[in-house]
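Enquirer: There's a structure below that I have some questions on.
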Amino acid sequence: MQGKLLVVGSLNMDMVVNVSRHPQIGETILGGKFSTFPGGKGANQAVAAARMGAEVTMIGCVGQDGFGEELRAGAANDGIDIQYVSVDENAATGIALITVDDIGQNTIVVASGANLALTPDCLLTSKQAFANADVLVAQLENPLKTVSEALTLAAANKLKVVLNPAPAQSLSAELLSKVDYFIPNEREAMQVVGAETLEAAIDQLLGMGVQNLIITLGEKGVLVITADGRRQIPAYPVIAIDTVAAGDAFVGAFATGIAEGLNVDDAVKLGNAAAAISVTRHGAQPSLPIRKEVNEFLGGQK
Ligand code: RIB
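For the record, in the sequence shown the residue sitting at position 284 is 319 according to this note's numbering, with numbers rising by one throughout.
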């Protein structure tokens, strides 16, 4: 069964410098290669899902500039319906300044630009997109009130909701109660509730009504907490060269699995495989695998 996904999210042009190590505050270092890659957590998750075989519609906003044109064209080229990705003539397309070190770890600073022009009003013209979808996927690179409105529209249209709270900010119990699958990494889980340990964060998130808590732990795999209990699903071991968009590869593939009717654990395994492949490649969207690659990768695992 092909799932229908609606992604409400960001589009950024990533400006990436490879470094031997990340600079300290006040320090200048010489980096290596400079590259630009299409990115943005929303667009990355939309592309990840489309390459996994989902039918994807995206709602977002770019500026009236070359980066915006390139990002819209790239998404369309991946088969994503971009009719609701608007062009704001008063804002620049979002960009991300990224450093990637020799062991694939990254730092990211986003200048949101047009992503902040995606107001709740923008969703009024895209109601049909909600009516047509099975699963909503959202992150936090757009205004929180827009994400909140998207969750409300999703509930009205009986969509399953996947929320990746990145970059993290404090979230209310009211908002969390509208989420079916909440997918933070370890740091984000703690930041969302202001907890000092992961266990405290888990207790608080469950107490606030999170139904399915899926915490990505990088090379340690994924901690899954659902009504069926708590288990850790291991990551597939690979040699990482660039971890940018690994989380997005996971979320896009996981949401595709859920839209196809997979159970949570099988959808997590699909996400883990997509993420494992993505970290062996450079860049955000160029690193995202197609379904055939994921299936072959999974077939080669013991
Ligand atoms: O998750 C990776 C993404 O975060 C990058 O592509 C960058 O644009 C930021 O949104």
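From the three backbone atoms N, C-alpha and C, an ideal C-beta is built for every residue, glycine too.
The structure presented is a predicted model; accordingly, all values stated were derived computationally and were not measured.
CA-CA distance, Gly318 and Pro155?
Expert: By one-based count along the sequence shown, residue 318 stands at place 283. By one-based count along the sequence shown, residue 155 stands at place 120. Whole-angstrom Cα-Cα distance: 31 angstroms.
Enquirer: Within 8 angstroms, do at least three Cβ pairs link the stretch 130-143 to the stretch 107-114?
Expert: No, because fewer than three Cβ pairs between the stretch 107-114 and the stretch 130-143 fall closer than 8 angstroms, the two stretches do not touch.
Enquirer: Near Phe289, what residues of its chain come up, given a Cβ to Cβ distance below 8 angstroms and the 5 sequence neighbours on each side ignored?
Expert: Position 254 of the sequence shown holds residue 289. Here the set comprises Val197, Tyr216, Ile218, Ile249, Ala302, Val303, Leu305 and Gly306.
Enquirer: Skipping 5 residues on each side, what residues in its chain have a beta carbon closer than 7 angstroms to that of Gln246?
Expert: Position 211 of the sequence shown holds residue 246. Excluding residues within five positions, the ones whose Cβ falls inside 7 angstroms are Asp215.
Enquirer: Between the alpha carbons of Gly282 and Ala310, how many angstroms are there, rounded?
Expert: Translated into the one-based positions of the sequence shown, residue 282 becomes position 247. Translated into the one-based positions of the sequence shown, residue 310 becomes position 275. Their Cα atoms are separated by approximately 7 angstroms.
Enquirer: Pull up the distance between the alpha-carbon of Ser322 and that of Ile64, whole angstroms please.
Expert: Here residue 322 corresponds to residue number 287 of the sequence shown, with the count starting at 1. Here residue 64 corresponds to residue number 29 of the sequence shown, with the count starting at 1. C-alpha separation (whole angstroms): 26 angstroms.
Enquirer: Do Ile274 and Val170 have their CB atoms nearer than 8 angstroms?
Expert: Stepping through the sequence shown from its first residue, residue 274 is reached at position 239. Stepping through the sequence shown from its first residue, residue 170 is reached at position 135. No; because the gap between Cβ atoms is not below 8 angstroms, this pair is not in contact.
Enquirer: Would you say the stretch 171-180 touches the stretch 51-59, given that touching needs at least three Cβ pairs under 8 angstroms?
Expert: Cβ pair count under 8 angstroms is below three, so no.
Enquirer: Going by the DSSP bridge assignment, what does Ser121 pair with across the sheet?
Expert: Here residue 121 corresponds to residue number 86 of the sequence shown, with the count starting at 1. Bridge partners of Ser121: Cys96.
Enquirer: Any beta carbon of chain C sitting closer than 8 angstroms to that of Asn298?
Expert: Absent from the structure is chain C; it holds one protein chain and no more.
Enquirer: So, under 8 angstroms CB-CB, Gln174 and Lys39 are touching, yes? Tell me the CB distance rounded to an integer number of Å.
Expert: Along the sequence shown, one-based indexing puts residue 174 at 139. Along the sequence shown, one-based indexing puts residue 39 at 4. That belief does not hold up - the Cβ atoms of Gln174 and Lys39 are roughly 19 angstroms apart, past 8 angstroms.
Enquirer: Taking 7 angstroms as the cut-off, is the CB of Val228 close to at least one heavy atom of the ligand RIB?
Expert: Your numbering for residue 228 matches position 193 in the sequence shown. The answer is no for Val228.
Enquirer: Taking Leu16 as the reference, which of Leu297, Glu184, Ala84 and Ala81 has the closest Cα?
Expert: Lying outside 36 to 337, the shown extent of the chain, residue 16 is not represented and no answer is given.
Enquirer: Going by beta carbon distance, what residues of the same chain come within less than 6 angstroms of Met225, once the five residues before and after it are set aside?
Expert: The residue given as residue 225 occupies position 190 in the sequence shown. The residues are Ala236.
Enquirer: Compare the Cα-Cα distances from Val286 to each of Val122, Ala83 and Val51 and report the closest residue.
Expert: Here residue 286 corresponds to residue number 251 of the sequence shown, with the count starting at 1. Of the candidates Val122, Ala83 and Val51, the one whose C-alpha sits nearest the C-alpha of Val286 is Ala83.
Enquirer: From the DSSP output, in three-state form, read off Pro73 for me.
Expert: The residue given as residue 73 occupies position 38 in the sequence shown. Reduced to three states, the DSSP call for Pro73 is strand.
Enquirer: Using a threshold of 7 angstroms, is the CB atom of Asp49 nearer than that to any non-hydrogen atom of the ligand RIB?
Expert: Taking the sequence shown and counting its residues from 1, the one referred to as residue 49 is at position 14. It does: the Cβ of Asp49 is within 7 angstroms (strictly closer) of some heavy atom of the ligand RIB.
Enquirer: Between which two residues does the alpha helix (DSSP H) harbouring Ile293 extend?
Expert: Position 258 of the sequence shown, counted from the first residue, corresponds to residue 293. Per DSSP, Ile293 belongs to the alpha helix (DSSP H) from Ala281 to Glu295.
Enquirer: Put Leu175 into one of helix, strand or coil per three-state DSSP.
Expert: As a first step, residue 175 must be located in the sequence shown, where it is residue number 140. In the structure shown, Leu175 sits in coil (DSSP, three-state: anything other than H, G, I, E or B).
Enquirer: Could you tell me how far apart the beta carbons of Gln256 and Gln267 are, in whole angstroms, since I believe they sit closer than 8 angstroms?
Expert: Walking along the sequence shown from the start, residue 256 turns up at place 221. Walking along the sequence shown from the start, residue 267 turns up at place 232. Note that residue 256 is Gly in the sequence shown here, rather than Gln. Yes, they are in contact, since the Cβ atoms of Gly256 and Gln267 sit about 6 angstroms apart, within 8 angstroms.
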